[in-house]
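Colleague:
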Amino acid sequence: MNNDDKEQLEYIRAWVQQKKQREVHKQIAKRKIKYHFRMVFHWLIELFKKGR
Numbered sequence: 001m002n003n004d005d006k007e008q009l010e011y012i013r014a015w016v017q018q019k020k021q022r023e024v025h026k027q028i029a030k031r032k033i034k035y036h037f038r039m040v041f042h043w044l045i046e047l048f049k050k051g052r
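Per the UniProt record's numbering, the sequence shown runs over residues 1 to 52.
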């Protein structure tokens, strides 16, 4: 195993790591969006109740 192979492996490892991180970020973003929507939805319902 020469140096080039080691560098390649490091590169691949780093890339996989990044991909995993991106997936985690996506999950978090989805959760935040869902939460935000729920908040807005509840807020609208409250407004509607007060308006009647």
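For each residue, glycine too, the CB sits at the ideal point set by N, CA and C. If you're wondering where the values come from, they're calculated on a predicted model, not measured in any experiment.
1. Return the CA-CA distance between lysine 19 and glutamine 8, expressed in angstroms with no decimal places.
2. In whole angstroms, what is the alpha-carbon distance linking asparagine 2 and glutamine 21?
3. Measure the alpha-carbon distance for isoleucine 33 versus histidine 25 and round it to whole angstroms.
4. Give me the Cα-Cα distance between lysine 49 and arginine 38, rounded to the nearest whole angstrom.
Modeller: Taking the definition as stated:
1. In a straight line, the C-alpha of lysine 19 is about 16 Å away from that of glutamine 8.
2. 29 Å
3. Taking the straight line joining both Cα atoms gives about 12 Å.
4. 17 Å
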